[in-house]
Amino acid sequence: MMNDISREIIKRKRTAWETSKSNQGSIKKICKVLPVLCSKKGCLNIRLTSTIKDCFLCYFCLCKLLDDMFEANENDIQRLILELCEKVILLDLTPQEAFSKLQELHLSCPLLPSLLLDVLVTLEGDAHSSDNNEKTVPLFTEFVNLISDQIIPADILRIELDVLEASLPANKQQLVRLKTRLYYKQAKYNLLREESEGYAKLITELMDGGAGLPPKTMMTRVLCLIGQFNLDPNRVTDIVLECFECCASQKSFYISLLKEIKANKDYLCTLLGFKYTFYHASVFYIIQLSYILI
Numbered sequence: 001m002m003n004d005i006s007r008e009i010i011k012r013k014r015t016a017w018e019t020s021k022s023n024q025g026s027i028k029k030i031c032k033v034l035p036v037l038c039s040k041k042g043c044l045n046i047r048l049t050s051t052i053k054d055c056f057l058c059y060f061c062l063c064k065l066l067d068d069m070f071e072a073n074e075n076d077i078q079r080l081i082l083e084l085c086e087k088v089i090l091l092d093l094t095p096q097e098a099f100s101k102l103q104e105l106h107l108s109c110p111l112l113p114s115l116l117l118d119v120l121v122t123l124e125g126d127a128h129s130s131d132n133n134e135k136t137v138p139l140f141t142e143f144v145n146l147i148s149d150q151i152i153p154a155d156i157l158r159i160e161l162d163v164l165e166a167s168l169p170a171n172k173q174q175l176v177r178l179k180t181r182l183y184y185k186q187a188k189y190n191l192l193r194e195e196s197e198g199y200a201k202l203i204t205e206l207m208d209g210g211a212g213l214p215p216k217t218m219m220t221r222v223l224c225l226i227g228q229f230n231l232d233p234n235r236v237t238d239i240v241l242e243c244f245e246c247c248a249s250q251k252s253f254y255i256s257l258l259k260e261i262k263a264n265k266d267y268l269c270t271l272l273g274f275k276y277t278f279y280h281a282s283v284f285y286i287i288q289l290s291y292i293l294i
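Residue numbers for the sequence shown follow the UniProt record's numbering, so the first one is 1 and each next one is one higher.
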């Protein structure tokens with residue numbers, strides 16, 4: 001015996017199909033033929049009743065036949081949608097007329113939004129590649145705008161269709177702002193006076209001369225500190241030079257570290273020139289800076 005869920009499924013399928021006037025005769029024929037299958041129950045060696053509500057064999061056969069009919073009906077609807085959209089591109093039908101017919105079809109077909117979206121994605125390329133695309137593209141865009149939020153949500157249309165970009169200046173402005181922030185906005189880093197802890201850890205690591213660590217390992221630690229405390233890379237390079245001044249005896253280590261950092265040579269020269277200008281009155285600092293140049 002079938003459970004309540006199975007009964008509800010078959011009830012809904014039969015009710016949905018019987019509402020279609022064009023197929024009322026078909027459903028009656030199916031229901032007349034299906035009980036005949038129960039006469040073959042002897043071959044299956046099982047006891048089945050001939051009542052369609054209680055017969056598993058009839059139940060599954062009915063579901064299969066109904067699914068096939070629904071699939072055929074879906075193909076017919078998709079073909080009709082394709083013809084309507086093609087007429088808009090071929091200038092045989094105005095967008096308003098096509099939209100009115102789609103609204104009528106939407107009342108009897110809950111799958112219309114999904115089928116229509118597939119057709120629009122397919123025909124968008126035809127609208128752009130048409131010989132008369134100066135007229136077809138605006139008409140197609142107008143047709144899509146009519147459908148937007150009426151049959152298909154606008155958010156889904158924007159994702160799937162490129163034609164909506166021309167009618168959405170607000171989105172264009174947002175795109176320009178996004179690109180500006182992405183490519184032209186200067187990155188903000190913590191300054192020495194703002195993040196003393198991160199720079200203090202950096203100075204401690206550098207003043208130890210790497211504690212016998214190779215320059216590559218020290219470079220990894222420096223990068224970790226930059227990422228952890230959001231340190232300014234330019235300021236980090238300047239601090240490396242400062243530590244180099246204070247630990248000139250370990251010049252081989254600092255030179256290798258600067259090579260690992262891959263700092264721009266012109267930038268290093270600018271930093272050193274600024275230091276010479278700042279310390280021009282002190283011979284002691286000039287001697288220390290000379291070690292770096294040597």
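We put the CB at the ideal spot given by N, CA and C, even for glycine.
Inter-residue spacing [alpha-carbon to alpha-carbon] between residue i and residue j
| i | j | result |
| --- | --- | --- |
| leucine 80 | leucine 102 | 10 Å |
| serine 130 | lysine 179 | 32 Å |
| cysteine 109 | threonine 136 | 28 Å |
| alanine 127 | asparagine 75 | 23 Å |
| glutamine 228 | arginine 235 | 15 Å |
| glutamine 97 | glutamate 83 | It is glutamate, not glutamine, that sits at residue 97 in the sequence shown. Whole-angstrom Cα-Cα distance: 13 Å. |
| cysteine 246 | asparagine 264 | 22 Å |
| lysine 201 | alanine 248 | 20 Å |
| isoleucine 203 | isoleucine 156 | 53 Å |
| serine 196 | asparagine 230 | 12 Å |
| valine 222 | tyrosine 276 | 26 Å |
| leucine 268 | lysine 262 | 10 Å |
| glycine 125 | leucine 93 | 19 Å |
| valine 144 | arginine 177 | 26 Å |
| leucine 107 | aspartate 149 | 15 Å |
| leucine 117 | threonine 217 | 55 Å |
| phenylalanine 274 | arginine 181 | 31 Å |
| lysine 21 | valine 119 | In this prediction, lysine 21 scores a pLDDT of 43, lower than 50, which makes its location untrustworthy; the coordinate-derived value is nonetheless stated afterwards. Answer to the nearest angstrom: the Cα atoms are 27 Å apart. |
| glycine 212 | isoleucine 255 | 15 Å |
| leucine 105 | arginine 158 | 23 Å |
Bridge partner(s) assigned by DSSP for residue i
| i | result |
| --- | --- |
| serine 100 | Paired residues: none, contrary to the question. |
| residue 311 | Residue 311 is absent from the model: the chain starts at 1 and stops at 294. |
CB contact flag (residue i, residue j, <7 Å)
| i | j | result |
| --- | --- | --- |
| proline 113 | isoleucine 89 | no |
| proline 215 | leucine 257 | yes |
| aspartate 238 | leucine 271 | yes |
| glutamate 260 | methionine 219 | yes |
| valine 121 | glutamate 160 | yes |
| residue 318 | leucine 146 | Residue 318 lies beyond the stretch modelled for the chain, which goes from 1 to 294, so this question has no answer here. |
| leucine 115 | glutamine 173 | no |
| proline 95 | glutamate 134 | no |
Whole-number beta carbon distance between residue j and residue i, since they are thought to touch under 8 Å
| i | j | result |
| --- | --- | --- |
| glycine 198 | leucine 225 | 6 Å |
Contact with chain B by residue i, beta-carbon distance below 7 Å
| i | result |
| --- | --- |
| leucine 90 | Of the protein chains in this structure there is only one, and it is not chain B. |
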